[in-house]
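Okay, structure first, notes after.
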Amino acid sequence: TDPRLRREVADLPPTLVHASIAVWGAVRSHLPVGPGQPHYDFSMQCLVGLCQGLLAVRTEDRTKEDTLRAWAHEAERVFRDRLTAPTDRAWFDQLLAATVEDYFQIKYSDLVLGADGRLLFTGTDSYREVRDLGEVHAALGPLPVTGGANELCALSIEDAEDVNRLMR
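If you're matching positions, the sequence shown starts at 1 in UniProt numbering and goes up one per residue.
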């Protein structure tokens, strides 16, 4: 175990594995692949992607809550981002909240910091949680907009999530 991690974080991996498998299993059984949804093929590679994403998050001074936010963020990126129907996304949101509460004994609403309930992490080699969209603007710098003017584009949280997905 990495000595920089706190004991509360060092004890999390077995529970994270069980929670990840539970989410993966529920997604596979509730959202089967169909003719109109070939992208709903949630293979074992999804679990690998979830773990890889979690390992890319910076570890310095990480708390249990920081780790759980990173895990929830990765679960959203691996599973939720593929879901096209609003009802499927709402179902997944409920699944993730219930999993956090069942496996980690913390309310999901207490875990997410933003009022909108979204989690966002950014970076290149490793990444960290974004608590202010200004950080994303600063990282991107001035971006040209149509017409050639050098102005900072106004990013919504959805835009920032899309940019982060493309960067990864």
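Don't be surprised by glycine CBs; every beta carbon is placed ideally from N, CA and C.
task = Determine contact between the stretch 25-38 and the stretch 102-110, defined as no fewer than three beta-carbon pairs at a distance below 8 Å.
result = no
request  = Could you spell out the range, first to last residue, of the alpha helix (DSSP H) harbouring K64?
outcome  = The residue you call residue 64 lines up with position 64 of the sequence shown. From DSSP, the alpha helix (DSSP H) with K64 extends over 64-78.
message = In this structure, how does DSSP classify V27 when only helix, strand and coil are distinguished?
response = Numbered from 1 along the sequence shown, position 27 holds the residue referred to as residue 27. In the structure shown, V27 sits in a helix (DSSP, three-state: H, G or I).
ask   = Assuming L111 and R58 make a contact with CB atoms under 8 Å, what is their CB distance in whole Å?
value = As a working mapping, residue 111 is identified with position 111 in the sequence shown. As a working mapping, residue 58 is identified with position 58 in the sequence shown. Actually they do not touch by this definition, with Cβ atoms about 18 Å apart.
task = Output the distance between the C-alpha atoms of H18 and S109, rounded to the nearest integer angstrom.
result = Position 18 of the sequence shown, counting from 1, holds the residue named residue 18. Position 109 of the sequence shown, counting from 1, holds the residue named residue 109. Cα-Cα distance, rounded: 21 Å.
message = Measuring straight from C-alpha to C-alpha, what distance separates A22 and D93?
response = As a working note, residue 22 is residue 22 in the sequence shown. As a working note, residue 93 is residue 93 in the sequence shown. So the two alpha carbons sit approximately 14 Å from each other.
query = Hey, R89 and L83: beta-carbon distance below 7 Å or not?
reply = As a working mapping, residue 89 is identified with position 89 in the sequence shown. As a working mapping, residue 83 is identified with position 83 in the sequence shown. Yes. Within cutoff.
Identified DSSP bridge partners for Q37 = As a working note, residue 37 is residue 37 in the sequence shown. In DSSP, Q37 forms a bridge with G34.
task = Use the C-beta contact count for A85: other C-beta atoms within 10 angstroms, 16 or more gives buried, fewer gives exposed.
result = Numbered from 1 along the sequence shown, position 85 holds the residue referred to as residue 85. Under this definition A85 is an exposed residue.
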